[in-house]
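Numbering (our numbering), first residue to last: 14 to 286. First the structure, in the form of structure tokens, and then the observations on it.
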């Protein structure tokens, strides 16, 4: 790419952000992303004057984001629809800017970073107790499957999880080699006959070197937890949603990690001292 072409591209990128920074123009693009409208309809929906709407829509037409159709309706160009599809990523990162001041995306592959906007339609669960309670409710609400990547053994959740798996819900889970097994874990797994669930294929497990991004996905909901600056999964805050796009992101990430994981080696587990 020549220097001249780079300058043109940079100017076009700056222009996009300039136009999106305007509240009215951004609102226009969001409305037109839903359906085509006439200028009068657009002005009415945005509660602004025809003159104000006209001046702003002309700016969007000039940069190729909006086109006027022969029937008088305004619609987005392919260029604009593609730009709009990227907005959720900026919305998600902007809304949780403070969170990402002291958290990272861990070892998240670039292809998942680029899809981070898929997580924007979510709520936040705060506090370790609340997070664990939500995990339990997610287990109970699952019907077909539970897929999870966890950095810790959550002893209090073993019994409700085993009960759900025994009722027919398939479980797949991934744990890190450096996981520490809390006291009482082996007794609890014996109590619920965890070995038999594995032997019968009702539950399956794999192992990875380290877990920096934790997720739980069921056929009804999903949650994801990112690491703090110490590279430890922060169990005190979870992004949660029942949105299908959010769930798909989490499930795709789980499958990605599963595909590169190793056989579970219980000899690597370290009991808590």
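Glycine included, C-beta positions come from ideal geometry on N, C-alpha and C. This structure is a prediction, so every number in the text was calculated from the model and none was measured.
Legend entry - Per DSSP, the bridge partner or partners of residue 241: Here residue 241 refers to the residue found at position 228 when the chain shown is read from its first residue. 116, per the DSSP bridge assignment.
Inset, instruction - Evaluate the contact criterion for the stretch 243-259 versus the stretch 129-143: three or more CB pairs, one atom per stretch, below 8 Å. - result: yes
Legend entry - Minimum C-alpha distance to residue 40 - residue among 61, 152, 279 and 111: Position 27 of the chain shown holds residue 40. Answer by Cα proximity: 61.
Inset, instruction - Per DSSP, which residues does residue 275 bridge with? Please list them. - result: Locating residue 275 in the chain shown gives position 262, counting from the first residue. For residue 275, which the question treats as bridged, DSSP gives the partners 220.
Inset, instruction - Using alpha carbons as the reference points, say which of 166, 189, 234 and 28 lies closest to residue 198. - result: Residue mapping note: residue 198 aligns to position 185 of the chain shown, counting from 1. Residue 198 has its Cα closest to that of 166, out of 166, 189, 234 and 28.
Inset, instruction - Taking the CB atoms as reference points, tell me whether residue 177 and residue 146 lie closer together than 9 Å. - result: As a working note, residue 177 is residue 164 in the chain shown. As a working note, residue 146 is residue 133 in the chain shown. Going by C-beta atoms, residue 177 is not nearer than 9 Å to residue 146.
Legend entry - Proximity winner among 46, 51 and 103, relative to residue 78 (alpha-carbon distances): Taking the chain shown and counting its residues from 1, the one referred to as residue 78 is at position 65. Closest by alpha carbon: 46.
Inset, instruction - Report the option in 70, 92, 230 and 240 whose CA atom is closest to the CA atom of residue 253. - result: Sequence index remark: in the chain shown, residue 253 carries index 240 (1-based). Of the candidates 70, 92, 230 and 240, the one whose C-alpha sits nearest the C-alpha of residue 253 is 230.
Inset, instruction - Measure the CB-CB distance between residue 32 and residue 76 and report whether it falls below 9 Å. - result: Translated into the one-based positions of the chain shown, residue 32 becomes position 19. Translated into the one-based positions of the chain shown, residue 76 becomes position 63. Closer than 9 Å, so yes.
Inset, instruction - Express the C-alpha separation of residue 98 and residue 105 in angstroms, rounding to a whole number. - result: In the chain shown, residue 105 corresponds to position 92, counting from 1. In the chain shown, residue 98 corresponds to position 85, counting from 1. Between residue 105 and residue 98, the C-alpha separation is close to 13 Å.
Inset, instruction - Drop a sphere of 10 angstroms on the beta-carbon of residue 151, count the other beta-carbons inside from all chains shown, and report buried for 16 or more, exposed for fewer. - result: Here residue 151 refers to the residue found at position 138 of the chain shown. Buried is the call here.
Inset, instruction - Determine the extent of the beta strand (DSSP E) in which residue 121 is found, giving its start and end residues. - result: By 1-based counting over the chain shown, the position of residue 121 is 108. Note, residue 121: premise wrong, no beta strand (DSSP E); not H, not E.
Legend entry - Presumed contact (8 Å Cβ cut-off) between residue 217 and residue 234, rounded CB distance: On the chain shown, position 204 is the one that residue 217 refers to. On the chain shown, position 221 is the one that residue 234 refers to. The Cβ separation is near 21 Å, so there is no contact.
Inset, instruction - Look at residue 160 and residue 186 and say whether their C-beta atoms are less than 9 Å apart. - result: Here the question's residue 160 lines up with position 147 in the chain shown. Here the question's residue 186 lines up with position 173 in the chain shown. Yes, Cβ-Cβ distance for residue 160 and residue 186 is below 9 Å.
Inset, instruction - Determine the DSSP secondary structure at residue 142, reduced to helix, strand or coil. - result: Within the chain shown, the letter at position 129 stands for residue 142. In this structure, residue 142 counts as helix in the three-state DSSP scheme.
Legend entry - Given residue 134 as reference, the closest of 264, 278 and 257 once Cα atoms are compared: Here residue 134 refers to the residue found at position 121 of the chain shown. Measuring from the Cα of residue 134, the nearest candidate turns out to be 257.
Legend entry - Beta-carbon separation (whole angstroms), residue 279 vs residue 190, contact threshold 8 Å: As a working note, residue 279 is residue 266 in the chain shown. As a working note, residue 190 is residue 177 in the chain shown. Residue 279 to residue 190, Cβ: 11 Å. No contact.
Legend entry - residue 49 to residue 90 span [Cα, whole Å]: What you label residue 49 is simply residue 36 of the chain shown in a count that begins at 1. What you label residue 90 is simply residue 77 of the chain shown in a count that begins at 1. Computed Cα separation, rounded: 11 Å.
Inset, instruction - Report back the beta-carbon spacing between residue 73 and residue 63 to the nearest angstrom; my notes put them in contact at under 8 Å. - result: Numbered from 1 along the chain shown, position 60 holds the residue referred to as residue 73. Numbered from 1 along the chain shown, position 50 holds the residue referred to as residue 63. At roughly 16 Å, the Cβ-Cβ gap does not stay under 8 Å, so residue 73 and residue 63 are not in contact.
Legend entry - Buried/exposed call for residue 227, threshold 16 Cβ in 10 Å: By one-based count along the chain shown, residue 227 stands at place 214. Label assigned to residue 227: buried.
Legend entry - Whether residue 136 touches residue 221 by CB criterion (9 Å): Along the chain shown, read from residue 1 onward, the residue named residue 136 stands at position 123. Along the chain shown, read from residue 1 onward, the residue named residue 221 stands at position 208. The answer is no: Cβ separation not under 9 Å.
Legend entry - Where the alpha helix (DSSP H) containing residue 37 begins and where it ends: To locate residue 37, count along the chain shown from 1; it is residue 24. Residue 37 -> alpha helix (DSSP H) spans 36-47.
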